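Chains as they are written, first to last, in the numbering used here: chain A, 1 to 107; chain B, 108 to 729.
All C-beta atoms in this analysis are idealised placements derived from N, C-alpha and C, irrespective of residue type, glycine included.
These numbers come from a predicted model, not from an experiment.
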Amino acid sequence: MAVTLSEKAAEHVANYLTKRGKGFGLRLGVRTSGCSGMAYKLEFADASNPEDLVFESHGVKVLVDPKSLPYLEGTQLDYTKEGLNEGFKFINPNVKDECGCGESFNV
Amino acid sequence: MALLQIAEPGESAAPHEHRLAVGIDLGTTNSLVATVRSGMAVVLNDDHGHALLPSVVRYRPDGTISIGYDAQVGEGDDPKNTIVSVKRFMGRGRKDIAHIESMPYDFVDAEGMVKLRTVQGIKSPVEISAEILRKLREHSERSLGGPLTGAVITVPAYFDDAQRQATKDAARLAGLNVLRLLNEPTAAAIAYGLDNGIEGIYAVFDLGGGTFDISILKLTKGVFEVLATGGDSELGGDDFDQRVFCWIIEEARLAPLSHKDARVLLTRAREAKEHLTAHGEAPITVKIGSGEYVDLKLTTEIFTEITRTLVQKTLAPTKKALRDAGLAVDEIKGVVMVGGATRMPQIQHAVGQLFKQEPLNNLDPDKVVALGAATQANLLAGNRAAGDDWLLLDVIPLSLGIETMGGLVEKVIPRNSTLPISRAQEFTTYKDGQTAMAIQVVQGERELVSDCRSLAKFELRGIPPMVAGAARIRVSFQVDADGLLSVTAQELTTGRETRIEVKPAYGLSDNEIATMLKDSIDYASDDAQRRALREVQVDAQRLIQATQSALNQDVRLLSTQELNDIETCMKKLNEVMPGEDRGAIDAAMEALGHATAEFAARRMNDSVKQALSGRRIEELDA
Chain A
1 MAVTLSEKAA EHVANYLTKR GKGFGLRLGV RTSGCSGMAY KLEFADASNP EDLVFESHGV
61 KVLVDPKSLP YLEGTQLDYT KEGLNEGFKF INPNVKDECG CGESFNV
Chain B
108 MALLQIAEPG ESAAPHEHRL AVGIDLGTTN SLVATVRSGM AVVLNDDHGH ALLPSVVRYR
168 PDGTISIGYD AQVGEGDDPK NTIVSVKRFM GRGRKDIAHI ESMPYDFVDA EGMVKLRTVQ
228 GIKSPVEISA EILRKLREHS ERSLGGPLTG AVITVPAYFD DAQRQATKDA ARLAGLNVLR
288 LLNEPTAAAI AYGLDNGIEG IYAVFDLGGG TFDISILKLT KGVFEVLATG GDSELGGDDF
348 DQRVFCWIIE EARLAPLSHK DARVLLTRAR EAKEHLTAHG EAPITVKIGS GEYVDLKLTT
408 EIFTEITRTL VQKTLAPTKK ALRDAGLAVD EIKGVVMVGG ATRMPQIQHA VGQLFKQEPL
468 NNLDPDKVVA LGAATQANLL AGNRAAGDDW LLLDVIPLSL GIETMGGLVE KVIPRNSTLP
528 ISRAQEFTTY KDGQTAMAIQ VVQGERELVS DCRSLAKFEL RGIPPMVAGA ARIRVSFQVD
588 ADGLLSVTAQ ELTTGRETRI EVKPAYGLSD NEIATMLKDS IDYASDDAQR RALREVQVDA
648 QRLIQATQSA LNQDVRLLST QELNDIETCM KKLNEVMPGE DRGAIDAAME ALGHATAEFA
708 ARRMNDSVKQ ALSGRRIEEL DA
């Protein structure tokens, strides 16, 4: 199983990376915080760590640290518009329940 | 679920702690809002995909308020209650506003800022601007999916304290937390990343819908200093439309038009102008109310010809700003284009020719100010990336000081000091037993108060009675990052303090600021002489007062002849003092000093004698 980007998400990430002028790829992760236990991490990555797992999706490198991987297996990162708002969305099959806004979750 | 944005490494926000910040370009004609999403500044469009919100507010009789495009229709139908370009009234008194008599509004005399009577009651420009800002806030909160942490709002570089304060008040009224007010040209320079670039001098050429501003900025160590500003508050893209409109009427030999036809033609004129920017010619076909058809073709050549004088009109203030800053064209590192009207190739060409370089124009000139403000807002809200450990600073446009005796200005904070800044200076009393002090805060570059602008006046009372010059009064000036001033005066022996927030009643126009700056240079040597004269006059006054009080106490020490001499000298000094002849005043002061030398010595002996009489030597030793 891997962690992937939707085509649209990859397009946006690639665009942001170009505008940013530097960056190795995108780092996805989880950390323990938030109202339902876990929270996502979504950051630019300037370099990969030796223990990182690196996936490539639509030409964009996706980095996940081994501790986060069990929580993210099979996750797809999508880019969507909701009304005037737009941004990235985790489609994560491991999630059992999440807080009302979905910013934190439980597995 | 919530939609996420990509953060810088190690900067992911905790859930529910996203710091949402926006930059707002509160323009005369149009306003817009931008934010930084995943590290990129973007403009937030409204539900219809419009980036620009026309700065128009219409108060309707049913108590509702429309803003933007919805309000624009009211310009023709209901001009009295439809307020356009309210920015021109911000922080301004009635007499500061040009062409006030030709405006369709019902102005109300109010202390300080003008107010407008509408169908929903009397509204101040602050309230009207707040409506525009509220609309922008609501739509950004819907776009970003949460309440805003704060906003950076841009203002013209020449805005004075009153206008800045009014803008800040409007934001607060709209429920916005103002992170900072930022100068428009500075914001444009940030959008182009000049703040991270090569240090040097940049020009920002801003031709909007109805106003033209030119600013010369100097970048050193991440600080933008405004070297000069200039412009024309009645020149903009609308004037180019007007020229095309007149050309259509002439070419088609139209009879005087109805109001409605005129509006239609003006719209067509604008469309033709915009079409020309991308194409060599623009067809104009309209059927007007009388049934006549207009079928014309506007070519680039014709357009260039009919708008030549307008283009020239932008160059004159530009050259003047360069002159004011004492710069030659080849000292300008880059030229930033701002405002929709700078899209016209005629303008691009003229500016390129004047500065002998291609202007920076790859960002949308309508959006560049908002984008720069968004970048700054993102930083101030704490969403900074590694290496972004700088904070951009602005400078104060005109020196701040207080009035001292003789109507002289003592500058406390010099012009172009970086903000925020705090400076203190000690002053003292002028007369024996003086228990109060009036403090007049002034802004300007000239040496005499009468040539500067008075910002505020306040009094420090309760100074303990002391001889002149003994009291120590510390006056502190603080200018915050938005360029707003507060002044405190403290008497140091008692700790008694008064303070004032400066909210001046009237604003200075950009022309006034420019004139004040220019005068300060033109009159520099004049001023120095006048200052020297005033200083001598103040000294003379002080000498007369001191002599008089000595006479009152110790006249018994003088012979009639001596008293006569002193009085003659005092009379002479009193006569020459108000005159312009510094030499004569100096001479009279010297004569008086000479005449009283013996008297002073005798007083000294006398007081020593008094102090010693009746005491034993041993006591004095101790």
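Does the distance from the C-beta atom of residue i to that of residue j stay below 8 angstroms?
i, j, result
"Arg638 (chain B)", "Glu517 (chain B)", "no"
"Ala298 (chain B)", "Thr261 (chain B)", "no"
"Leu562 (chain B)", "Val549 (chain B)", "yes"
"Val30 (chain A)", "Tyr71 (chain A)", "yes"
"Leu111 (chain B)", "Tyr40 (chain A)", "yes"
"Asp313 (chain B)", "Glu341 (chain B)", "no"
"Val78 (chain B)", "Asn485 (chain B)", "This structure cannot settle anything about residue 78 (chain B), because the visible part of chain B is limited to 108 through 729."
"Ala217 (chain B)", "Ala488 (chain B)", "no"
"Gly441 (chain B)", "Leu467 (chain B)", "yes"
Below 7 angstroms CB to CB, which residues in the same chain sit around residue i once its five sequence neighbours on both sides are set aside?
i, result
"Val418 (chain B)", "Gln453, Ile454 and Ala457"
"Ala531 (chain B)", "Arg581, Val582 and Ser583"
"Arg241 (chain B)", "Ala281 and Gly282"
"Gly614 (chain B)", "Note that Gly614 (chain B) scores 45 on pLDDT, short of 50, meaning its location in the model is unreliable; the coordinates nonetheless yield the value given after this. The residues are Gly198, Arg199, Asp203, Asp267, Ala269 and Gln270."
"Ser557 (chain B)", "Gly514"
Which whole-angstrom value is the C-beta distance of residue i and residue j, which I expect to be below 8 angstroms?
i, j, result
"Ala178 (chain B)", "Val193 (chain B)", "Rounded, the Cβ-Cβ distance is 11 angstroms, inconsistent with contact."
"Ile391 (chain B)", "Ala379 (chain B)", "5 angstroms"
"Ala273 (chain B)", "Met197 (chain B)", "4 angstroms"
"Lys328 (chain B)", "Ile308 (chain B)", "The Cβ separation is near 14 angstroms, so there is no contact."
"Ile174 (chain B)", "Glu115 (chain B)", "Not confirmed; about 35 angstroms, so no contact."
"Ser250 (chain B)", "Asn85 (chain A)", "6 angstroms"
"Ser524 (chain B)", "Glu552 (chain B)", "Rounded, the Cβ-Cβ distance is 13 angstroms, inconsistent with contact."
Compare the C-alpha of residue i against each of the options and name the closest.
i, options, result
"Leu670 (chain B)", "B:Val645, B:Ala707 and B:Glu682", "B:Ala707"
"Arg244 (chain B)", "B:Arg430, B:Leu160, B:Ala657 and B:Leu422", "B:Leu160"
"Gly146 (chain B)", "B:Trp354, B:Gly338, B:Ile509 and B:Leu478", "B:Leu478"
"Thr730 (chain B)", "B:Gln655, B:Val401, B:Gly130 and B:Tyr400", "Lying outside 108 to 729, the shown extent of chain B, residue 730 (chain B) is not represented and no answer is given."
"Asn681 (chain B)", "B:Thr654, B:Glu381 and B:Thr667", "B:Thr654"
"Ala45 (chain A)", "A:Glu82, A:Arg27, A:Leu5 and A:Met38", "A:Arg27"
"Pro521 (chain B)", "B:Gly514, B:Lys367, B:Gly508 and B:Gln585", "B:Gly508"
"Ala205 (chain B)", "B:Met677, B:Arg195 and B:Asp213", "B:Arg195"
"Ser138 (chain B)", "B:Val556, B:Asp473, B:Gln660 and B:Val371", "B:Asp473"
"Thr703 (chain B)", "B:Val445, B:Arg287, B:Arg350 and B:Ser656", "B:Ser656"
"Gln660 (chain B)", "B:Glu697, B:Gly252, B:Ile692 and B:Met711", "B:Met711"
"Ile439 (chain B)", "B:Arg126, B:Ala335 and B:Phe266", "B:Ala335"
"Ala389 (chain B)", "B:Tyr400, B:Glu399, B:Arg377 and B:Gly398", "B:Arg377"
"Ala588 (chain B)", "B:Asp185, B:Arg287 and B:Pro685", "B:Arg287"
"Gly265 (chain B)", "B:Asp276, B:Thr675 and B:Leu289", "According to the sequence shown, residue 265 (chain B) is Tyr rather than Gly. For the residues B:Asp276, B:Thr675 and B:Leu289, the minimum Cα distance to Tyr265 (chain B) belongs to B:Leu289."
"Ala698 (chain B)", "B:Asp713, B:Met677 and B:Arg689", "B:Met677"
"Leu526 (chain B)", "B:Ala148, B:Leu650 and B:Leu592", "B:Leu592"
"Pro93 (chain A)", "A:Lys67, A:Leu77, A:Glu51 and A:Arg20", "A:Leu77"
"Arg663 (chain B)", "B:Val643, B:Asp713 and B:Asp693", "B:Asp713"
"Val476 (chain B)", "B:Val221, B:Asp346 and B:Gly447", "B:Gly447"
Please return the same chain residues whose Cβ sits closer than 8 angstroms to the Cβ of residue i, not counting the five positions on each side in sequence.
i, result
"Ala10 (chain A)", "Ser57, His58, Gly59 and Val60"
"Gly569 (chain B)", "Thr542, Ala543, Glu598, Thr601 and Arg603"
"Thr511 (chain B)", "Glu517 and Phe534"
DSSP three-state call for residue i: helix, strand or coil?
i, result
"Gly21 (chain A)", "coil"
"Val586 (chain B)", "strand"
"Phe105 (chain A)", "strand"
"Ile355 (chain B)", "helix"
"Ala258 (chain B)", "strand"
"Asp496 (chain B)", "Note that Asp496 (chain B) scores a pLDDT of 45, beneath 50, so its modelled location is shaky and nothing firm can be said."
"Asp558 (chain B)", "helix"
"Leu567 (chain B)", "strand"
"Arg167 (chain B)", "coil"
"Ser666 (chain B)", "coil"
"Gly83 (chain A)", "coil"
"Arg195 (chain B)", "helix"
"Ala657 (chain B)", "helix"
"Gln717 (chain B)", "helix"
"Asp634 (chain B)", "helix"
Excluding the 5 residues flanking residue i on each side, which residues of the same chain have their C-beta closer than 6 angstroms to its C-beta?
i, result
"Lys230 (chain B)", "Leu223"
"Trp354 (chain B)", "Ile413"
"Glu465 (chain B)", "Gly459"
"Trp497 (chain B)", "The predicted position of Trp497 (chain B) is uncertain, since its pLDDT is 48 and thus under 50; no value can be drawn from it."
"Gly494 (chain B)", "At Gly494 (chain B), the pLDDT of 48 sits below 50, so the modelled position is not reliable; the number obtained from the coordinates is stated separately. Within the same chain, Gly494 (chain B) has no close Cβ partners at all."
"Ala432 (chain B)", "Ile323, Leu334 and Ala335"
Closer than 7 angstroms to a non-hydrogen atom of the ligand HEM - does that hold for the CB of residue i?
i, result
"Leu372 (chain B)", "Ligands are entirely absent from the displayed structure, and the ligand HEM is therefore not among its contents."
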